[in-house]
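Heads up: take any position in the sequence shown, counting from 1, add 191, and you land on our numbering.
Note that CB positions come from ideal geometry on N, CA and C, so glycine has one too.
No experiment lies behind these values; they were computed from the predicted model shown.
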Amino acid sequence: MSESCSHDCASCSQDCAARDLRLPANQYSTVKHVIGVVSGKGGVGKSTVTAMLAVAAQAQGFQTAILDADVTGPSIPKMFGLHGRAEGSADGIFPMETKTGIRVMSVNLLLEKEDAPVIWRGPVISGMIQQFWQEVIWGDVDYMFVDMPPGTGDVPLTVFQSLPLDGILVVTTPQELVTLIVKKAYNMAKEMNIPVLGFIENMSWFECPDCKKRHAVFGESKLDGVAAGYGIPVLARLPIDPKNTSLADKGAIELSDTDALKSALDAIEKK
Ligand code: ADP
192 MSESCSHDCA SCSQDCAARD LRLPANQYST VKHVIGVVSG KGGVGKSTVT
242 AMLAVAAQAQ GFQTAILDAD VTGPSIPKMF GLHGRAEGSA DGIFPMETKT
292 GIRVMSVNLL LEKEDAPVIW RGPVISGMIQ QFWQEVIWGD VDYMFVDMPP
342 GTGDVPLTVF QSLPLDGILV VTTPQELVTL IVKKAYNMAK EMNIPVLGFI
392 ENMSWFECPD CKKRHAVFGE SKLDGVAAGY GIPVLARLPI DPKNTSLADK
442 GAIELSDTDA LKSALDAIEK K
């Protein structure tokens with residue numbers, strides 16, 4: 192912090208670690224815990240894991256919400272079978288509710304045509320995510336999961352800076368260059384004073400439906416060793432499960448088996 196710090200971050204150009212750029216939520220929102228779900232690259236199942244975590248939390252009796260910050264590849268509404276446009280009032284925009292009552296906001300619920308591509312530059316996307324936080328009437332929420340854009344670019348940085356994240360979960364697959372991803376996620380979170388709560392490895396194996404043998408389709412995992420080096424736990428491992436793909440495609444992710452994510456939820460609750 193500079194010696195001449197006036198504590199007015201809005202008018203200060205210092206690149207200061209103590210700089211607090213977090214934004215207030217909508218006046219009708221009280222969100223107790225905000226958990227970011229990140230990945231090094233797209234396609235590893237980050238959105239699927241986010242959706243399943245929310246399903247598991249809601250099933251445990253927590254009022255749960257998903258803020259879909261993966262603005263250029265939004266897939267949350269489809270997984271829950273949510274279509275149409277979110278409604279608003281003078282006080283803000285109402286999130287849509289899934290069949291079990293999970294509150295969701297995504298750019299897909301605001302576009303006139305949900306299949307229209309989002310061809311916006313970074314600052315516009317960042318502004319939209321801030322609006323999701325400030326202008327959506329989330330109400331009382333115990334756990335909000337933020338489906339983050341993959342990587343460590345501009346948009347994830349905005350989420351890290353402007354939302355009051357309790358911590359992040361990192362989704363990986365055995366195939367990834369896990370050392371690099373762990374290092375990047377760890378360093379970015381550390382820079383922002385946000386704890387990495389743990390790793391969730393997705394697509395860890397495929398179980399043969401006939402002989403029940405497990406096959407490491409994407410190779411043997413190296414995550415345990417790398418995670419231990421950083422002192423970060425591996426909270427869950429999920430198999431490749433064609434049932435989940437099909438449920439997600441049908442908009443019925445709420446019917447998926449989320450037992451394997453129980454340990455991840457326990458860790459979040461104990462935090
Ligand atoms: P990301 O958010 O990382 O881009 P998605 O969650 O959209 O990834 O998943 C990419 C694709 O992989 C989707 O079709 C999804 O249904 C499928 N998928 C994700 N996890 C699994 C899994 N454990 N088993 C089978 N299919 C999966």
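Check, Outcome
"Throw me the rounded Cβ distance for the valine 228 and aspartate 306 pair, which I believe falls under 8 Å.", "Their Cβ separation, rounded to whole angstroms, is 24 Å, which puts valine 228 and aspartate 306 out of contact at 8 Å."
"Would the beta-carbon of isoleucine 310 be found less than 8 Å away from any heavy atom of the ligand ADP?", "no"
"If you follow the alpha helix (DSSP H) that glycine 416 is in, where does it begin and where does it stop?", "414-421"
"Helix, strand or coil for phenylalanine 323, going by three-state DSSP, please let me know.", "helix"
"Express the C-alpha separation of histidine 274 and valine 408 in angstroms, rounding to a whole number.", "34 Å"
"Apply the 10 Å Cβ neighbour rule to serine 437 and answer buried if 16 or more other Cβ atoms are within range, or exposed otherwise.", "exposed"
"With distance defined between alpha-carbon atoms, name the residue in Pro340, Thr291, Val315 nearest to proline 265.", "Pro340"
"With a threshold of 8 Å, establish whether the CB of leucine 212 neighbours any heavy atom of the ligand ADP.", "no"
"Could you tell me the alpha carbon to alpha carbon distance between lysine 453 and glycine 344, rounded to whole angstroms?", "30 Å"
"Check whether the segment 362-372 touches the segment 316-331, counting contact only when three or more Cβ pairs, one atom from each stretch, lie closer than 8 Å.", "no"
"I'd like the span of the beta strand (DSSP E) that includes alanine 427, first residue to last.", "425-428"
"Quick one, are the C-beta atoms of arginine 294 and valine 332 less than 9 Å apart?", "yes"
"Are the CB atoms of asparagine 378 and glycine 283 within a distance shorter than 9 Å?", "no"
"So, are the CB atoms of glycine 358 and isoleucine 267 less than 9 Å apart?", "no"
"Quick one: what does DSSP say alanine 443 is sitting in, helix, strand or coil?", "coil"
"Glycine 318 and valine 346 look like a contact to me (Cβ under 8 Å); what is the Cβ gap, rounded to whole Å?", "So it is not a contact: roughly 10 Å between Cβ atoms."
"Should asparagine 299 be counted as a contact of the ligand ADP given a C-beta to heavy atom distance under 8 Å?", "no"
"What is the residue span of the alpha helix (DSSP H) that valine 408 lies within?", "Segment: none, valine 408 is in no alpha helix (DSSP H) and carries neither H nor E."
"Could you check whether the segment 420-434 touches the segment 246-265, counting it as contact only if at least three pairs of C-beta atoms, one from each stretch, sit closer than 8 Å?", "no"
"What first and last residue would you give for the alpha helix (DSSP H) that runs through tyrosine 377?", "369-382"
"With distances taken from CA atoms, which of Glu392, Asp401, Gly420 is nearest serine 412?", "Glu392"
"According to DSSP, methionine 296 sits in a beta bridge with which residue or residues?", "Leu258"
"Using a threshold of 8 Å, is the CB atom of threonine 436 nearer than that to any non-hydrogen atom of the ligand ADP?", "yes"
"Just the C-alpha distance for alanine 250 and threonine 241, rounded to the nearest angstrom, thanks.", "14 Å"
"Could you tell me whether any non-hydrogen atom of the ligand ADP is closer than 8 Å to the CB of glycine 330?", "no"
"Which residue from Ser395, Val387, Pro308, Pro430 puts its Cα closest to that of alanine 418?", "Val387"
"Going by Cα to Cα distance, which pick from Val362, Lys381, Gly389, Lys461 is closest to glycine 231?", "Val362"
"I need the DSSP call for aspartate 357, collapsed to helix, strand or coil.", "coil"
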